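Following: one structure in structure tokens, then a few remarks.
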Amino acid sequence: MADAFLLVLARELRIVLRHKGDALNVLVFFIVVASLFPFGVGPEPNQLRAMGAGVVWIAALLAAVLSLPRLFAADHADGTLEQMLLAPQPLVVVVLAKTAAHWLLTGLPLTVVSPVIGLQYGVPGDAILTLLASLLIGTPVLSLIGAAGAALTLGVRGGGALLGLLVLPLFVPVLVFGAGAVTATLTGINAGAHLSLLGAFLAVSSLVGPWAACAALRVALD
Amino acid sequence: MLETSGLACERGGLRLFADLDIALAPGELLRVRGANGAGKTTLLRTLAGLTRPSAGAIRWRGEPAGEQYRAEMLFLGHAAGVKDELTVRENLEFSARLAGLAAFDSHKALQQLGISRLASLPARFLSQGQRKRVALARLALQDATPLWLLDEPFSALDAGGIAGIGGLCAAHLARGGMVVLTSHQDVEIAGALERALELGS
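Written as structure tokens, this is what we have:
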């Protein structure tokens, strides 16, 4: 089972490394969206500092929604998904591997560049650390919930827009507690409670997300 | 070994086939024929377990088709399952490992399909027929898998390729394997115990 996980994970990473544009586009999209807000709201430093974490988190949600439609679509189009369904290994292992690859290629890179965005907004050092921690725990949740959404909208015309409508509301709790953790640190409150709740979301979504995705994939390929 | 009883399938409210009883014993070949839209692909996908039948059951070795059936069945559909970004060998090795094979000789399989010189070429440079050969190379690796379900295996292949796949099927049947295939071409498979199923009649 671990073999199957590593097999699919290695293949996903290899495909993206040979086709770097896809992963890079998402990261650049994240940076551009996060950098647009000051142009819209004006250069008032206190205001920017207060909204910095929220902007980073919203940009992260949008970047996730942008990248999710491709999660199963390519394998669906070329028939690989059929073979994954028929393989003797449990489908949930394949889905988990694809979800992990999605996080490594979108969630992790944008978490790594997020301190730079935070500095752009004048967020102080300790709050940037909280931002980093909240993204590290929260972005896997986006991949896990997103995988279920991507599976549900597979093969549907205009699936990309539908996927956004479906998963963005489900991302709201992650957004609230992710950005809330940073706001708490800014106001001098310990962010531990927020981060623990994010951890709880991660635990629940890693139990529910892959199974929901499996069920949806079986229906999509029927 | 493979039996269906009263198998029926509907697509979009349209009944494709009903009361289908198939019995396939080791060494037997079942050719599924029918006009476009008669339900050949649907039947194969149903037998593979991808599509749920609206009625009836599939039995394997006397038991309802389950985990063991999945491990002893190979389904190759219309889509080749070949990734543009990966090389020919990587494509074959991934699909073989995914199917649960641990030790195999991918070079020999590619040689049998006549594409060994393309082994390290990214699949995006392949022609349609060459892609098909990459997918079909699994047949050379999975000769121990008893049941092969092949949907249009000869499409896009040239005469040499068709003869090669025909030969692989013949060898599989001679070993006591079973093959179900859909095809518009009547490709001769030497020495096969043939059954034919005409859908939509």
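Protein sequence lines correspond, in order, to chains G and B.
The first sequence: position 24 = 24 (my numbering), numbered continuously.
The second sequence: position 166 = 166 (my numbering), numbered continuously.
Cβ atoms here follow ideal geometry from the backbone N, Cα and C, with glycine treated the same way.
Here the structure is a predicted model, which means the values were calculated and not measured.
Could you run through the segment 73 to 92 of chain B and flag, in chain order, every residue whose CB is less than 9 Å away from some CB of chain G? M73, L74, F75, L76, G77, H78, A79, A80, G81, V82, K83, D84, E85, L86 and E90
Does any C-beta atom of chain G lie closer than 9 Å to the C-beta of L98(B)? yes
Can you confirm whether the segment 83 to 92 of chain G touches the segment 171 to 178 of chain G when touching is taken to mean that 3 or more C-beta pairs between the two stretches lie within less than 8 Å? no
Members of the segment 77 to 89 of chain G that neighbour chain B once the beta carbon cut-off is set at 9 Å: A77, D78, G79, T80, L81, E82, Q83, M84, L85, L86, A87, P88 and Q89
How big is the Cα-Cα spacing for A53(G) and F37(G)? 12 Å
Which full runs of the alpha helix (DSSP H) of 4+ residues lie inside the segment 40 to 91 of chain B, going along the chain? 40 to 48 and 67 to 71
Compare the C-beta of A135(B) with all C-beta atoms of chain G and state if any pair is closer than 9 Å. yes
Rounded straight-line distance, which links the Cα of V187(B) to that of L113(B): 17 Å
Roughly how many angstroms lie between the CA atoms of L203(B) and G27(B), to the nearest whole one? Nothing can be reported for residue 203(B), as the shown portion of chain B is limited to 1 through 201.
Terminal residues of the beta strand (DSSP E) in which V179(B) lies: M178 to T182
Taking the beta strand (DSSP E) that F17(B) belongs to, which residues open and close that run? L14 to L24
Chain G contact residues for A48(B), given Cβ-Cβ distances below 7 Å: L86
Alpha-carbon to alpha-carbon, P53(B) and L47(B): 9 Å
Using beta carbons (cut-off 9 Å, strictly below), is D126(G) in contact with chain B? no
Against chain B, with Cβ distances strictly below 9 Å, would H19(G) count as a contact? yes
Ends of the alpha helix (DSSP H) at L33(B)? Before going further, note that residue 33(B) is Arg rather than Leu in the sequence given. Not the alpha helix (DSSP H): R33(B) falls in the beta strand (DSSP E), residues E28 to R33.
Residues of its chain near A179(G), where Cβ-Cβ distance is below 6 Å and the 5 sequence neighbours each way are ignored: A53, G54 and W57
According to DSSP, is P173(G) helix, strand or coil? helix
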